[in-house]
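A.B. asks: Under the working numbering, the first residue of the sequence shown carries the number 38, and numbering increases by one thereafter.
From the three backbone atoms N, C-alpha and C, an ideal C-beta is built for every residue, glycine too.
The structure displayed is predicted, hence computed values, not measured ones.
What follows is a structure written as structure tokens; I'll ask about it next.
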Amino acid sequence: MTAPDAPQRKIIHVDMDAFFASVEQRDNPDLRGKPVAVGGSKARGVVAAASYEARVFGVRSAMPSVTAQRLCPDLIFVKSRFDVYRSVSQQIREIFARHTDLIEPLSLDEAYLDVTASGRPATEIAREIRAEILSTTRLTASAGVSYNKFLAKLASDQNKPDGLCVIRPHEGAAFVAGLPVKRFHGVGPVTAAKMERFGIRTGADLAAKSREWLQGNFGRSADYYYGAARGIDHRPVRASRVRKSIGAERTFSEDFRTRADLLAALEPVIEAVWERIDRAGAAGRTVTLKIKFADFQQITRARSFETPVSDRGMFTRIGHDLLERELPVPKGVRLLGLTLSGLTGRGEAAPRAAATQLGLDL
């Protein structure tokens, strides 16, 4: 099922398999076939990525290292090497560019590609891309092929690792109907739990709700959920993806509680965020502070401004003010983060994907 006036596109979503961990296993033969976690092994460390061998034990990214070690006593921790990951990501990006100019990177290890204008079957192109990635990087990638971004991303998860899945226009609605809504891109744990309370567990349950009901209960996300439940997604692949926010956070080796310690700990976070803001030539209207306590409870506090925050002095003052308002803290703090959102000043026009009505040869 597709909307009759929807642009008929050929979309590929490419997702590298356990990217960071796979790079480490590629470069160190002793790690191959063993459970590997990229990240710090100390008590306050966090898993950045886990190999498939580690995932069997329930190890996942963003998990505290102590929890990961408890789940998998033989887990091998390796330090992250982001310079290497970025270099490999650039190799992959160059492969994408051989096939289309419409590339929307989501992170170092995944991207959407619109290959509508190629005139070739998208499945054939996806196979070629996966083969070229393997030949060039000695790493595997999974790919999803469909007529929109929502379904292409779902498809890329279907046959991991090293898999390919195609969802054709006549298959979309039925495919979505049987999926748990927690698998939907854009439905996080909190939203999934809310949907569960309403008796919404699958795509079919979601499709049974009217647009008006969804608007009353899910606000601005209603139109997206309404379409997704029917296999409809009109979002184009944007070759110059506009960032919504720029941020950074730091986990500390010990808990901080005093004003002096916390303000000092915030400085490298401010430095890291502002360096990225400068590099992007951006300004933003909202500054958000994240505080994670020693017991992993976290809070966020934000301030928004009519005039965009465009200089470091102002950004620093706002960050300090947000933190000062939470002092004294009720317990030790293990992490501080700052984010600038509502970005402006980038001056990038987002190109539209081809909207020609085509017979979809996926």
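Shortest alpha-carbon distance to Gly215 belongs to which of Ala265, Arg81, Leu143, Ser124?
C.D. replies: By 1-based counting over the sequence shown, the position of residue 215 is 178. Nearest C-alpha to Gly215: Ala265.
A.B. asks: Quick check on the DSSP output: what are the complete beta strand (DSSP E) runs of length 3 or more inside the segment 297-323, in order along the chain?
C.D. replies: none
A.B. asks: Please state if the CB of Val324 and the CB of Leu375 are separated by a distance shorter than 8 Å.
C.D. replies: Against the sequence shown, residue 375 aligns to sequence position 338. Against the sequence shown, residue 324 aligns to sequence position 287. Yes, the Cβ-Cβ distance between Leu375 and Val324 is below 8 Å.
A.B. asks: In angstroms, rounded to a whole number, what distance separates the CA positions of Leu359 and Thr337?
C.D. replies: The sequence position of residue 359 within the sequence shown is 322, counting from 1. The sequence position of residue 337 within the sequence shown is 300, counting from 1. Between the alpha carbons of Leu359 and Thr337 lies a gap of roughly 10 Å.
A.B. asks: Taking Glu169 as the reference, give the member of Phe56, His136, Pro305, Asp348 with the closest Cα.
C.D. replies: Sequence index remark: in the sequence shown, residue 169 carries index 132 (1-based). Answer by Cα proximity: His136.
A.B. asks: Select from Arg46, Gly379, Gly369 the residue whose C-alpha is nearest the C-alpha of Arg205.
C.D. replies: For the purposes of this step, residue 205 is taken as residue 168 along the sequence shown, with counting starting at 1. When only C-alpha atoms are compared, the closest one is Arg46.
A.B. asks: For Leu372, which of helix, strand or coil comes out of DSSP?
C.D. replies: Position 335 of the sequence shown, counting from 1, holds the residue named residue 372. Three-state DSSP puts Leu372 in a strand.
A.B. asks: Keeping to the same chain, check which residues put their C-beta closer than 7 Å to that of Ala85; ignore five residues upstream and five downstream.
C.D. replies: Residue numbering aside, residue 85 sits at position 48 when the sequence shown is read from its first letter. Around Ala85, the same chain offers Phe57, Val75, Gly76, Ser98, Ser117 as residues with beta carbons nearer than 7 Å, after the five sequence neighbours per side are excluded.
A.B. asks: Have a look at Ala55 and Val115 and give me their C-alpha separation to the nearest angstrom.
C.D. replies: Position 18 of the sequence shown, counted from the start, is the residue given in the question as residue 55. Position 78 of the sequence shown, counted from the start, is the residue given in the question as residue 115. Distance between the alpha carbons of Ala55 and Val115: 14 Å.
A.B. asks: Would you call the segment 300-310 and the segment 61-80 touching, i.e. three or more CB-CB distances under 8 Å?
C.D. replies: no
A.B. asks: Quick one: grab the DSSP three-state call for Gln106.
C.D. replies: Walking along the sequence shown from the start, residue 106 turns up at place 69. Looking at Gln106 - three-state DSSP - the assignment turns out to be helix.
A.B. asks: Let me know the secondary structure DSSP gives Gly253 once reduced to three states.
C.D. replies: Position 216 of the sequence shown, counted from the first residue, corresponds to residue 253. Gly253: helix per DSSP, three-state reduction.
A.B. asks: For Leu380, which of Ser282, Asp111, Phe333, Gly350 has the nearest alpha-carbon?
C.D. replies: Locating residue 380 in the sequence shown gives position 343, where the first residue counts as 1. Leu380 has its Cα closest to that of Ser282, out of Ser282, Asp111, Phe333, Gly350.
A.B. asks: Which partner residues of Arg287 appear in the DSSP bridge assignment?
C.D. replies: Taking the first residue of the sequence shown as 1, we reach residue 287 at position 250. Per DSSP, Leu373.
A.B. asks: Which of the three DSSP states, helix, strand or coil, is assigned to Ala55?
C.D. replies: The residue given as residue 55 occupies position 18 in the sequence shown. Looking at Ala55 - three-state DSSP - the assignment turns out to be coil, as it is neither helix nor strand.
A.B. asks: Let me check understanding here. Comparing Cα to Cα, which of Ala180, Ala91, Leu399 lies closest to Phe133?
C.D. replies: As a position in the sequence shown, residue 133 is number 96, starting the count at 1. Answer by Cα proximity: Ala180.
A.B. asks: So Gln128 packs on Thr160, CB below 8 Å; how close in whole Å?
C.D. replies: Here residue 128 refers to the residue found at position 91 of the sequence shown. Here residue 160 refers to the residue found at position 123 of the sequence shown. Rounded, the Cβ-Cβ distance is 23 Å, inconsistent with contact.
A.B. asks: If you count every other CB in all the chains shown that lies within 10 Å of the CB of Glu141, and 16 or more means buried, which is it?
C.D. replies: Residue 141 sits at position 104 when you count from the first residue of the sequence shown. Buried, by the Cβ-count rule.
A.B. asks: Answer yes or no: do Gly284 and Leu377 have a C-beta to C-beta separation smaller than 8 Å?
C.D. replies: Numbered from its first residue, the sequence shown carries residue 284 at position 247. Numbered from its first residue, the sequence shown carries residue 377 at position 340. Yes. Within cutoff.
A.B. asks: So Val370 and Arg294 are supposed to be a Cβ contact under 8 Å. How far apart are they, rounded?
C.D. replies: Residue numbering aside, residue 370 sits at position 333 when the sequence shown is read from its first letter. Residue numbering aside, residue 294 sits at position 257 when the sequence shown is read from its first letter. About 7 Å; that satisfies the 8 Å criterion.
A.B. asks: List the whole-angstrom C-beta distance separating Ala192 from Tyr149, where the pair is believed to meet the contact cut-off of C-beta under 8 Å.
C.D. replies: On the sequence shown, residue 192 is found 155 positions in, with the first residue counted as 1. On the sequence shown, residue 149 is found 112 positions in, with the first residue counted as 1. 12 Å between Cβ atoms; not a contact.
A.B. asks: Taking DSSP's pairing of strands, which residues face Thr239 in a bridge?
C.D. replies: Here the question's residue 239 lines up with position 202 in the sequence shown. Thr239 pairs with Pro217.
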